[in-house]
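J.:
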Amino acid sequence: MINIGRVICLYCVFICLCSGCAQKQSEFTVMQFNIWQQGTVVKNGFSGIIDNIVALEPDLIAFSEVRNYKNVEFIPYLVNELAKRGKKYYGNPSVSTGIISKYKIEKQEIIYPLKNDRGSVLKVHITIHDKPVVFYSAHLDWLNCSSYLPRGYNASDWHKLDAPVTDVDSILKNNRMSFRLAEVRAIIEDAKKEIKNGAIILIGGDFNEPSLLDWQQDTKDIRDHQGLVINWDCSLLLTNEGYIDAFRACFPDPVDYPGFTFPADSKDVELKKLVWAPDADERERIDFIYFHPFCGLTLSDIRLVGPSGTILRGERTANDSQDVFLEPTGVWPTDHKGLLATFTLNDPE
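Here's what the structure looks like:
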């Protein structure tokens, strides 16, 4: 069987070679950051958001779970507080998803509007080293999280089932009751015209859905996958459209490098708030950074951001993988782990 992850990794090498004539190199970083109800669930969560951004200094950040509580626009407030710490960012008001950037935001648009708190997609236009860039922030539908079905839990209310669901067609049917596929299609259709205009396409998001790269033959008998191989819809669609999953491009082995982003062991939160399926291995990679191939653009590195610990069968558990973490500075404000990807732009002279 073809290892899709390894194919993608080799494809990234091809992209790198494509720009072999380049003389100048410029680097920038992209972060995906679910901030769990805007940092309000964790004590001093907002300070934790600020501290970790100041420590990492990402050039671009895609946020999930922007809420604008107490009628205060979160993104402008965040930008202002970062400025007090000597960090200059740009950002415009938004809800559910959000974006801040060290590069001036030329235009911001809603690609998929928020409906009943079931996901949204935002995009901005910026310029990085004279190259047009379109950056999408996606917070996809949180219901019908169908990876819980084979683990013996309902996909929308997380009540324990009488038995795990092991029919792939039934699992995917449930998955397609969410809005996630429509939200990803909205990104792809919108990005097609941007690609024609010569833009670099970057996507950061909490997808609330696993990747097909993590549910193939090599993982079917571990992590409560119940012997199943599942080509999850959103990742399959993006892969078929040529998008590259940044984490799997750098770490193609999902057994040794699972890259779990949920649930994260936030030490300042009581355990029961972090557990959704106490009798199962619910660990999953649901936060992603994707990019579309662009000659001269290379992915240099990607790291998980957050505590190395995780939650396994209802208990706090130490890291049991080979994943490498950028441990948090101070309070970790969320039940997700973040991602920090480093890209290089090669500019022909």
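Convert by adding 2 to the 1-based position in the sequence shown; the result is the number in the working numbering. The C-beta atom is built at its ideal place from N, Cα and C for all residues, glycine as well.
1. Would the region 333-351 count as touching the region 262-275 if we require 3 or more Cβ pairs under 8 Å?
2. CA-CA distance, Gly200 and Cys297?
3. Give the straight-line distance between the Cα atoms of Ser180 and Asp61, rounded to the nearest whole angstrom.
4. Could you pull out every residue in the same chain whose Cβ sits closer than 6 Å to the Cβ of Gln110, ignoring the five residues on either side in sequence?
5. Out of Phe293, Leu163 and Cys252, which one is the CA nearest neighbour of Gly244?
6. According to the neighbour-count rule (16 or more other Cβ atoms, all chains shown, within 10 Å of its Cβ), is Cys23 buried or exposed?
7. Is Cys23 helix, strand or coil when you go by DSSP?
8. For a test of the three-state rule: what should DSSP assign to Cys331, helix, strand or coil?
9. Contact defined as beta carbons within less than 8 Å: I believe Val326 pairs with Ile232. What is the distance between those atoms, to the nearest angstrom?
10. Just mark Ala248 as buried or exposed, buried being the case when its beta carbon has 16 or more other beta carbons within 10 Å.
11. Run through the region 210-254 for me and flag every whole alpha helix (DSSP H) of 4 or more residues, listed as ranges in chain order.
12. Which residue from Asp270, Ile205, Leu145 and Tyr105 puts its Cα closest to that of Asp119?
13. Determine the DSSP secondary structure at Val126, reduced to helix, strand or coil.
14. Taking the continuous alpha helix (DSSP H) assigned at Asp289, which residues delimit it?
15. Assign Arg69 to one of three DSSP states: helix, strand, or coil.
16. Go to Glu317, then tell me how far its beta strand (DSSP E) extends in each direction, as first and last residue.
17. Alpha carbon to alpha carbon, how far is Ser149 from Glu211?
18. Given this structure, state the Cα-to-Cα distance separating Val135 from Leu124, to the nearest angstrom.
19. State yes or no: is the C-beta of Pro256 within less than 8 Å of the C-beta of Leu215?
20. Cutting at 8 Å between CB atoms, please list the residues of its own chain near His161, excluding the five before and the five after it.
21. Apart from the five residues just before and just after Asp220, which ones in its own chain have a Cβ nearer than 7 Å to its Cβ?
22. Under 8 Å, do Leu240 and Ser28 count as touching if we go by C-beta distance?
23. Are the beta-carbon atoms of Val271 and Gly50 separated by less than 8 Å?
24. Which runs of the alpha helix (DSSP H) fall wholly inside the region 101-181 and span at least 4 residues, in chain order?
25. On the three-state DSSP scale, how would you describe Gly340?
26. Going residue by residue through the region 35-81, where are the continuous beta strand (DSSP E) segments of at least 3 residues, counting only ones entirely within it?
27. Where Lys26 and Leu299 are concerned, what is the direct C-alpha to C-alpha distance, given to the nearest angstrom?
28. Do Arg153 and Ala251 have their beta-carbon atoms positioned less than 8 Å apart in this structure?
29. The beta strand (DSSP E) with Arg305 in it runs from where to where?
T.: So, to answer that:
1. With a cut-off of 8 Å, the region 262-275 and the region 333-351 count as touching, because enough Cβ pairs lie within range.
2. C-alpha separation (whole angstroms): 10 Å.
3. C-alpha separation (whole angstroms): 32 Å.
4. The residues are Asn94 and Val126.
5. Checking every option, the nearest Cα to that of Gly244 belongs to Phe293.
6. Residue placement at Cys23 is poorly supported in this model, since its pLDDT is 44, which falls under 50; the coordinates still yield a value, given next. Result: exposed.
7. Legend: pLDDT at Cys23 = 44, less than 50; position of this residue unreliable, no value from coordinates given.
8. A small correction: the amino acid at residue 331 is Thr; Cys does not occupy that position in the sequence shown. Of the three classes helix, strand and coil, the one that applies to Thr331 here is coil, per DSSP.
9. With a beta-carbon spacing of about 27 Å, Val326 and Ile232 fall beyond the 8 Å limit used to define contacts.
10. Ala248 comes out buried.
11. Within the region 210-254, the complete alpha helix (DSSP H) segments of 4 residues or longer fall at 235-242 and 248-252, listed in chain order.
12. Closest in C-alpha terms to Asp119, from the list Asp270, Ile205, Leu145 and Tyr105, comes Leu145.
13. Residue state, collapsed to three classes: strand.
14. That residue, Asp289, is in no alpha helix (DSSP H); its beta strand (DSSP E) goes Asp289 to Phe293.
15. Here Arg69 sits in coil by DSSP.
16. Segment Glu317 to Thr319, the beta strand (DSSP E) holding Glu317.
17. Going from the Cα of Ser149 to the Cα of Glu211 covers about 7 Å.
18. Whole-angstrom Cα-Cα distance: 14 Å.
19. A distance below 8 Å separates the beta carbons of Pro256 and Leu215.
20. Within the same chain, Tyr155 come within 8 Å of His161 by CB-CB distance, once the 5 residues on both sides are set aside.
21. The answer, listed in chain order, is Pro256 and Val257.
22. No, these two residues do not count as a Cβ contact at 8 Å.
23. With respect to Gly50, Val271 sits apart: the two C-beta atoms are not nearer than 8 Å.
24. Runs found: 170-177.
25. Of the three classes helix, strand and coil, the one that applies to Gly340 here is strand, per DSSP.
26. Complete beta strand (DSSP E) runs here, min 3: 62-68.
27. In this structure, the CA atom of Lys26 is about 12 Å from the CA atom of Leu299.
28. No. Outside cutoff.
29. Where Arg305 is concerned, the enclosing beta strand (DSSP E) stretches over Leu299 to Val307.
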